[in-house]
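**Student:** Questions regarding the structure given below will be posed in turn.
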Amino acid sequence: MTDGRIWIDGSLVNWDDARIHVLTHGLHYGTGVFEGIRCYKTINGRAVFRLPDHIQRLLDSGKIYFMDLGYSKAQLQEAVIDTIRANVVEECYIRPIAYYGYGKMGVNPLPNKVSVAIAVWKWDEYLKENDAERGARLMVSAWTRIDNRSMPMHAKATANYANSSLARAEALKAGFDEAIMLNTNGMVVEASAENIFIVKDNLLITPPIASGALNGITRDSILTLAREYKIPCEIRDISRDELYIADELFLTGTAAEVKPVGEIDNRIIGDGKNGVITKHLKKAFETIVHGRDKKFSQRWLTPVN
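Count along the sequence shown from 1, add 64, and you get the number used in the numbering used here.
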């Protein structure tokens, strides 16, 4: 997609004109924060999933990095809608990003102006697996997840994802679909860009945010749906070996949505097929994002048209 429009600092510009200076601070020092959001084709037209929650997390991330984005929550939400409308897409992935721009070089970002950009594009499937019925193949990465004493993990910051990129590349080169990362205590945190859930004896379990995991919005949606459908759930630490003996396992994220996992470190999860609870939550999530659930669709979808 090169004929679209991108929103930068309050104006829509042609795709190829959305440029930054090579000495942009965020490029050199990772001083940027971003979001991943989805717009879906629903029975009532295009709609954005949990837009206010994503924009609030963007603002919170900016606050952690001393960033004044220069726009209110309402203005940023409107900018997202305007960007979608300016592009010929029925469904799209949305990437708002705020970063310290070109100005004074050096580790200190504060003298530099903060810029904000929003782009949209079609992103069919982020995490592909060879066998949809059996789910994705994962490996536990040799790279440890960044410790929250070293980096603010509540911020969805560009710098954090250098750690994730190494893990993901390692997994792909080893023939797997995705990597799972452990924290410095050896506990499961998340995949390179997704939260993780296991099911054991009909109990849904996911690591706590305090483990270093991102406070994922899809993660929160799945926990909300579990409560709605009376599925027992726990938020607690998960050890590596618990993954191997789980009955079911799946990942959640804006790009990946709800992604079943069938294998970890060459060990088959459960009976090797997508589990009942995974299928139920995946179907419920897909029903909501396409506007077919009266309760949650009205609550979580922001119309575009």
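Idealized CB from N, CA, C, for every residue including glycine. Note that the structure is a prediction, hence the values are computed from the model and not measured.
Quick check on DSSP: helix, strand or coil for Lys337?
**Tutor:** Correct three-state label for Lys337: coil.
**Student:** Using CA atoms only, rank isn't needed, just tell me which of Trp185, Ala219, Ser205 and Ile260 is closest to Ala235.
**Tutor:** Nearest option by C-alpha distance: Ser205.
**Student:** Under the three-state reduction of DSSP, which class applies to Arg114: helix, strand or coil?
**Tutor:** The answer is coil: DSSP assigns Arg114 none of H, G, I, E or B.
**Student:** Would you mind sorting Lys347 into buried or exposed? The rule is 16 or more other CB atoms within 10 Å of its CB.
**Tutor:** Per the 10 Å Cβ criterion, exposed.
**Student:** Indicate the three-state DSSP secondary structure (helix, strand or coil) for Asn129 in the structure shown.
**Tutor:** Per the sequence shown, the amino acid found at residue 129 is Tyr instead of Asn. Three-state result, Tyr129: coil.
**Student:** Looking only at C-alpha atoms, which of Thr270, Glu312, Ile101 and Asn108 sits nearest to Ile148?
**Tutor:** Of the listed residues, the one whose Cα sits closest to Ile148 is Ile101.
**Student:** Please classify Leu287: is it buried, with 16 or more other beta-carbons within 10 angstroms of its beta-carbon, or exposed?
**Tutor:** By the neighbour-count rule (16 or more Cβ atoms within 10 Å), Leu287 is buried.
**Student:** In the structure shown, what three-state DSSP assignment does Arg102 receive?
**Tutor:** The answer is strand: DSSP assigns Arg102 an E or B state.
**Student:** My output table needs one value for Gly90: the three-state DSSP class, helix, strand or coil.
**Tutor:** It is helical.
**Student:** Quick test of your reading: Ile302 and Pro324, contact by CB under 8 Å. State the CB separation rounded to the nearest angstrom.
**Tutor:** Actually they are not in contact, since the Cβ atoms of Ile302 and Pro324 sit about 17 Å apart, beyond 8 Å.
**Student:** With 16 other CB atoms within 10 Å as the buried threshold, where does Pro173 fall?
**Tutor:** Pro173 should be labelled buried.
**Student:** Between the C-alpha atoms of Thr342 and Glu312, what's the straight-line distance to the nearest angstrom?
**Tutor:** Rounded to the nearest angstrom, the two C-alpha atoms are 7 Å apart.
**Student:** Leaving out five residues before and five after Asn108 in sequence, what residues of the same chain have Cβ atoms less than 6 Å from its Cβ?
**Tutor:** Here the set comprises Gly355.
**Student:** Alpha helix (DSSP H) containing Arg232: first to last residue?
**Tutor:** Here the alpha helix (DSSP H) through Arg232 covers Asn224 to Lys237.
**Student:** Closer than 8 Å by C-beta to Leu133: which residues in its own chain qualify, once you throw out the five before and the five after it? Chain order, please.
**Tutor:** Excluding sequence neighbours, Leu133 sits near Leu122, Leu123, Gly126, Leu140, Ala162, Val178 and Val180.
**Student:** Leaving aside the five residues before and after Thr351 along the sequence, list all residues of the same chain whose C-beta is less than 6 Å from its C-beta, in chain order.
**Tutor:** Taken in chain order, the residues that qualify are Asp357.
**Student:** I need the straight-line Cα distance from Asn259 to Leu246, nearest angstrom please.
**Tutor:** Roughly 12 Å separates the two Cα atoms.
**Student:** Alpha helix (DSSP H) containing Trp370: first to last residue?
**Tutor:** The chain is shown from 65 up to 369; residue 370 falls before or after that span and cannot be answered.
**Student:** Take Ile158 as the anchor and find which of Ala138, Glu197, Lys137 and Phe98 has the nearest alpha-carbon.
**Tutor:** If we check each option's Cα against that of Ile158, Phe98 comes out closest.
**Student:** If you measure between the beta carbons of Thr316 and Ala111, is that distance less than 8 Å?
**Tutor:** Going by C-beta atoms, Thr316 is not nearer than 8 Å to Ala111.
**Student:** Does DSSP classify Trp207 as helix, strand or coil?
**Tutor:** Trp207 falls in the coil class under three-state DSSP.
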